[in-house]
Amino acid sequence: MANVGIKNTHPAPSASEGDVVIIGAGLAGLFTALKLAPLPVTVISEAPLGDGASSAWAQGGIAAALGEGDTPEDHAADTIRAGAGLVDPAIAQLLAENAGSRIHDLLSYGVPFDRDLEGTLKLSREAAHGKRRIVRVKGDMAGQAIMAALIATARKTPSIRVLEHLSAKSLEISDNRITGVDLWPSGTWGHEEPFRLMAQAVVLATGGIGGLYSVTTNPESSRGEGLAMGAEAGAILADTEFVQFHPTAIDIGAYPAPLATEALRGEGAILVNRSGDRFMVNIHSDAELAPRDIVARAVHDEKQSGRGAFLDCRAAIGDRFADKFPTVYAKCRDAGIDPVRELIPVAPAAHYHMGGILTDANGRSSVDGLWACGEVASTGAHGANRLASNSLLEAIVFAARIAEDIHSVVPLSPLKAYSDCIPSTRADVSKVPRLQNAMDRLRMLMTEHAGVVRNENGLAGLIKEIDALEQVDTKSRTFRNLLTASRSIAAAALERNESRGCHFRSDFPETNPKFARRSNMQLSGATGSRINAIEPNNQERHIESGAAIS
Ligand code: SIN
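Residue numbers for the sequence shown follow this note's numbering, so the first one is 1 and each next one is one higher.
In structure tokens:
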């Protein structure tokens with residue numbers, strides 16, 4: 001496979017070295033824990049199970065080539081095409097081939113996927129998929145239903161210990177091997193002394209980075225802390241410049257912004273501006289079903305020009321709205337919009353990070369004992385632009401592979417009575433106005449300069465601003481993580497002097513074949529204020545903060 005630089009061998013540790021710890025209790029984390037059973041695992045969850053996981057918010061479904069005339073090869077080909085030249089073909093094929101088995105796993109955990117009258121799984125179509133291949137639950141409720149089934153199953157599984165209200169913010173390593181995880185009470189800024197959990201194997205399943213932007217469809221807690229933790233532990237990052245913006249977040253000023261699923265456009269909903277012009281027809285032959293990055297930029301342009309952007313579901317969906325898309329319907333009604341009769345105002349929103357911790361086909365990172373799963377990982381499956389409904393799929397396919405890999409290196413120990421002295425009280429969420437203000441500023445800067453449209457001046461200035469923000473608080477572990485994650489996105493975006501997939505540079509609007517490769521980088525120095533870009537031939541280049549790279 002094309003991934004570079006991952007050579008760890010994971011020598012089998014002795015059982016006394018500590019637990020298998022999974023950081024994150026969304027789909028990736030819980031599926032890994034279930035697949036690891038009966039191996040004892042500890043799952044760290046910032047919130048009560050089910051709250052705060054972006055998986056539960058997923059309105060799309062899971063792509064799988066299950067329909068007549070569809071094949072994993074077709075699914076892989078669509079995935080590769082969407083990824084704008086950067087998808088690892090072997091990983092795309094692996095994803096597509098494993099989709100059917102993983103859907104069956106979910107069915108066995110009790111996920112009630114929609115079926116037709118004959119009992120066959122219903123398959124719907126989404127943008128850039130050549131076939132109908134998305135399995136869904138009650139239209140737009142897949143994330144919620146999948147998480148409910150997984151949580152119920154995990155709660156009944158004796159090998160899974162869940163620690164709620166704790167937040168992992170740093171990893172302990174020794175000789176490039178994971179030895180532990182540092183935990184703080186959720187909601188704090190990480191000023192206090194952490195509680196340390198020894199670990200022989202850690203799976204990062206912390207989700208994405210949308211919370212670093214002012215407009216996002218992600219929960220606020222998805223703000224790149226896993227990415228930063230991995231980077232600070234020495235893990236190689238890949239493709240961090242590629243942030244996917246969803247074109248149709250509901251634009252009502254809410255944070256996070258509710259999503260209006262792409263499936264609405266799959267059902268025929270159209271995009272119009274304030275004058276009623278259907279602007280996508282002049283931009284792409286697939287109009288509203290063009291690749292997501294193209295639709296997101298068009299919506300961005302309409303809004304920037306003052307013409308506004310709206311989703312018109314009246315003709316295509318009309319009275320069927322509440323029944324077919326109950327989640328979107330409820331969000332619209334909460335905002336005082338009747339989508340059966342009115343237009344839905346929309347805006348692009350940070351939705352999914354294709355970049356993350358570089359992992360191999362077994363989800364291993366470049367640090368011994370550290371795996372990454374789901375959005376925090378960069379497996380090579382998504383390239384520069386993720387195909388809709390491939391993210392939940394990637395999470396479950398890699399969760400199963402990671403579990404198998406861990407089983408091969410961690411001996412099965414008997415269920416144990418844990419003796420760790422875990423803090424049992426919930427800390428008050430620390431309101432630190434100077435950090436909250438700095439966070440708001442960071443989000444504004446990321447949206448402005450590392451958003452849908454980027455350029456060299458903006459990105460170079462952004463990195464300088466991130467460096468300056470460091471001085472606001474040098475002791476907060478949380479804030480440091482947010483700055484590290486932001487810097488990794490900005491530095492890679494500055495480095496890529498071309499436009500490709502969801503990375504659009506107004507100063508380099510064309511795709512340049514010279515850049516048809518994934519990006520890799522590693523933090524250098526304790527502060528992470530410098531980032532090394534690793535060329536495929538492993539020659540390293542420094543990215544100095546604020547400096548443009550030729
Ligand atoms: C959507 O429902 O529009 C989002 C699906 C996805 O991001 O895969």
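We treat Cβ as the ideally placed atom computed from N, Cα and C, and that holds for glycine. Being a predicted model, the structure only gives us computed values, none of them experimental.
Can you give me the C-alpha to C-alpha distance between residue i and residue j, rounded to a whole angstrom?
i: Thr379; j: Ala90; result: 10 Å
i: Thr474; j: Ala460; result: 22 Å
i: Ser305; j: Pro513; result: 31 Å
i: Arg517; j: Arg274; result: 40 Å
i: Ala37; j: Ala152; result: 15 Å
i: Leu483; j: Ala493; result: 15 Å
i: Ala350; j: Ile160; result: 32 Å
i: Ile531; j: Asp116; result: With a pLDDT of 49 at Ile531, under the threshold of 50, the modelled position of this residue cannot be trusted; read the value that follows with caution. Looking at the two C-alpha atoms, the distance is approximately 52 Å.
i: Ser499; j: Pro48; result: 40 Å
i: Val367; j: Ala84; result: 29 Å
i: Ala290; j: Arg297; result: 11 Å
i: Pro185; j: Leu166; result: 5 Å
i: Asn98; j: Ala145; result: 21 Å
i: Ser529; j: Arg496; result: Its pLDDT being 43, under 50, Ser529 is placed unreliably by the model, and the measurement read from it follows with that caveat. If you take the alpha carbons of Ser529 and Arg496, they lie about 19 Å apart.
i: Ile406; j: Arg81; result: 32 Å
i: Ala63; j: Leu393; result: 7 Å
i: Ala228; j: Asn520; result: 14 Å
i: Tyr329; j: Val137; result: 15 Å
i: Asp556; j: Val409; result: The question about residue 556 has no answer, for the chain in this structure spans 1 to 550.
i: Ala547; j: Val21; result: Any reading at Ala547 must be qualified, since the residue scores a pLDDT of 27, below 50, and its modelled position is unreliable; no value is offered.
i: His129; j: Glu456; result: 33 Å
i: Pro40; j: Glu232; result: 27 Å
i: Trp57; j: Ser365; result: 27 Å
Do you know whose CA, among the options, lies nearest residue i's CA?
i: Ala149; options: His284, Leu86, Ile103, Arg333; result: Ile103
i: Gly226; options: Leu271, Thr474, Gly24, Val452; result: Gly24
i: Met141; options: Arg81, Val409, Pro112, Thr120; result: Pro112
i: Gly119; options: Gly85, Leu107, Ala128; result: Leu107
i: Pro247; options: Glu241, Ala260, Glu456, Leu36; result: Ala260
i: Cys502; options: Phe479, Leu469, Val453; result: Val453
i: Pro256; options: Val162, Ile406, Arg443; result: Arg443
i: Ile402; options: Gly230, Met147, Asn362; result: Asn362
i: His449; options: Gly234, Gln522, Ser214, Gly355; result: Ser214
i: Gly458; options: Gly230, Glu73, Ser506; result: Ser506
i: Ser222; options: Glu68, Leu358, Asn481; result: Asn481
Can you name, in chain order, every residue of its own chain whose Cβ lies under 6 Å from the Cβ of residue i, other than the five neighbours on each side?
i: Glu395; result: It should be noted that the sequence gives Ala, not Glu, for residue 395. Hits under 6 Å: Leu27, Ala28, Gly374.
i: Pro219; result: Gly52, Ser54
i: Thr527; result: The predicted position of Thr527 is uncertain, since its pLDDT is 42 and thus under 50; a value taken from the coordinates is nonetheless stated next. For Thr527, where only same-chain residues beyond five positions count, there are no Cβ hits under 6 Å.
i: Asp19; result: Thr42, Ala199
i: Ile209; result: Gly224, His353, Ala485
i: Glu267; result: Ala316, Ile317
i: Ala168; result: Ile23, Ile44, Val181, Leu183
i: Phe325; result: Gly139, Asp140
i: Gln93; result: Ala76
i: Glu172; result: Thr179, Gly180
i: Ser488; result: Leu237, Thr240
Tell me where the alpha helix (DSSP H) around residue i begins and ends.
i: Ala201; result: Unbroken run through Ala201 is the beta strand (DSSP E), 195 to 204; no alpha helix (DSSP H).
i: Leu27; result: 27 to 36
i: Tyr352; result: That residue, Tyr352, is in no alpha helix (DSSP H); its beta strand (DSSP E) goes 344 to 353.
i: Gly299; result: In the sequence under discussion, the amino acid at residue 299 is Val, which differs from the Gly named in the question. Unbroken alpha helix (DSSP H) run through Val299: 292 to 304.
i: Thr478; result: 477 to 495
i: Val328; result: 326 to 334
Assuming residue i is part of the beta strand (DSSP E), what are its boundary residues?
i: Gln244; result: 243 to 250
i: Ile357; result: 356 to 358
i: Glu272; result: For clarity, residue 272 is Val in the given sequence; the question names Glu instead. Taken as a continuous stretch (DSSP letters only), the beta strand (DSSP E) holding Val272 covers 270 to 272.
i: Asp19; result: 19 to 23
i: Ile44; result: 41 to 45
i: Leu412; result: Premise fails: Leu412 is in no beta strand (DSSP E) and is neither H nor E.
i: Leu462; result: Where Leu462 is concerned, there is no enclosing beta strand (DSSP E), although the alpha helix (DSSP H) it sits in stretches over 456 to 469.
i: Asp312; result: 310 to 312
Within the 9 Å Cβ cut-off, does residue i reach chain D?
i: Glu288; result: Annotation note: the requested chain D is absent from the structure, which comprises a single protein chain.
Suppose the cutoff is 8 Å on Cβ atoms and the five residues either side in sequence are ignored; what does the same chain contact list for residue i look like?
i: Val299; result: Pro247, Thr248, Leu271, Ala309, Val346, Ala347, Pro348
i: Ala269; result: Glu288, Leu311, Asp312, Cys313, Ala316, Ile317
i: Thr511; result: Ala84, Gly85, Glu498, Ser499, Arg500
Identify, in the order they occur along the chain, each residue of the same chain with its Cβ nearer than 7 Å to the Cβ of residue i, setting aside the five sequence neighbours on each side.
i: Ser476; result: Trp189, Gly190, His191, Leu435
i: Gly525; result: Residue confidence is low: Gly525 scores 41 on pLDDT, short of 50, so the model does not pin down where it sits. No coordinate-derived value is stated.
i: Glu126; result: Gly60, Ile134, Glu262, Ala263, Gly266, Ala388, Ser389
i: Gly369; result: His10, Arg177, Ile178, Gln200, Ala201, Val202
i: Phe321; result: Cys313, Tyr329, Pro339, Val340
i: Val303; result: First, the residue type needs correcting, since residue 303 is Lys and not Val in the sequence shown. Correct list, in chain order: Ala309, Ala347.
Suppose only complete runs of 4+ residues qualify. What are the alpha helix (DSSP H) ranges in the stretch 118 to 181, listed by chain order? At a cut-off of 4 residues, the continuous stretches assigned as alpha helix (DSSP H) that sit fully inside the stretch 118 to 181 are 142 to 155.
If you scan the stretch 362 to 408 from start to end, which runs of the beta strand (DSSP E) of 3 or more residues do you find wholly inside it? 370 to 372
Inside the stretch 64 to 107 only - alpha helix (DSSP H) runs reaching at least 4 residues: As far as the stretch 64 to 107 is concerned, its whole alpha helix (DSSP H) runs of at least 4 residues are 72 to 82.
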